[in-house]
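Trainee: Numbering of the sequence shown is given in our numbering, commencing with residue 2 and proceeding in unit increments.
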Amino acid sequence: MKQHPRILIVDDNDLMRTLMSNILKKLIGSSDLKQASNLTDAFTLLGQDSFDLLLLDINMPQGDSSPETVAQIKEMQPQMKVCMFSGNDKSILAQSFLDAGAIGFIQKDNTMGSSAAEIVKMVFG
Numbered sequence: 002m003k004q005h006p007r008i009l010i011v012d013d014n015d016l017m018r019t020l021m022s023n024i025l026k027k028l029i030g031s032s033d034l035k036q037a038s039n040l041t042d043a044f045t046l047l048g049q050d051s052f053d054l055l056l057l058d059i060n061m062p063q064g065d066s067s068p069e070t071v072a073q074i075k076e077m078q079p080q081m082k083v084c085m086f087s088g089n090d091k092s093i094l095a096q097s098f099l100d101a102g103a104i105g106f107i108q109k110d111n112t113m114g115s116s117a118a119e120i121v122k123m124v125f126g
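#1: Which class does M85 belong to by DSSP, given the choice of helix, strand or coil?
#2: Bridge partners of V11, per DSSP?
#3: Considering only the beta carbon of each residue, do L20 and I8 sit closer than 9 Å?
#4: With contact counted as at least three CB pairs below 8 Å, one residue from each stretch, are the stretch 83–91 and the stretch 46–63 in contact?
#5: Assuming I104 is part of the alpha helix (DSSP H), what are its boundary residues?
#6: Since T70 is in the alpha helix (DSSP H), which residue starts that stretch and which ends it?
#7: Distance, Cα to Cα, D12 vs L46?
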């Protein structure tokens, strides 16, 4: 596994960001975790620094993420892996985000931990 992977978690909910941070710390150990609560702050961070993985919420008050958002992010940082993180129905939305360049979809439910483990294994080995 890469030493000190750089991860950005973008979600408008403080509790969800904290929960996912804790899950990732348990799975990865030492990493550089940054957080943003909206797309504007996320794009600012993406413009300032490079990341290995982005967990991106779909619905946020100051602007929802869309497949076009994923494509725009991938243009900024082509090497970064983008994983969607949402309470929306995965079966309805996942394919359009995967087609835009996302590598996976973590549903905000009781399977978050195992889904995050699958993503970590996929991205970091």
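By construction, the Cβ of each residue, glycine as well, lies at the ideal position given by its N, Cα and C atoms.
Mentor: Reading it off the structure:
#1: Indexing the sequence shown from 1 puts residue 85 at position 84. Three-state DSSP puts M85 in a strand.
#2: Taking the sequence shown and counting its residues from 1, the one referred to as residue 11 is at position 10. Under DSSP, V11 shares a beta bridge with A37 and L57.
#3: Translated into positions along the sequence shown, residue 20 becomes position 19. Translated into positions along the sequence shown, residue 8 becomes position 7. Not a contact, by the Cβ cut-off of 9 Å.
#4: With a cut-off of 8 Å, the stretch 46–63 and the stretch 83–91 count as touching, because enough Cβ pairs lie within range.
#5: Residue numbering aside, residue 104 sits at position 103 when the sequence shown is read from its first letter. Note, I104: premise wrong, no alpha helix (DSSP H); not H, not E.
#6: The residue given as residue 70 occupies position 69 in the sequence shown. Where T70 is concerned, the enclosing alpha helix (DSSP H) stretches over P68 to M77.
#7: Taking the first residue of the sequence shown as 1, we reach residue 12 at position 11. Taking the first residue of the sequence shown as 1, we reach residue 46 at position 45. D12 and L46 have their C-alpha atoms roughly 14 Å apart.
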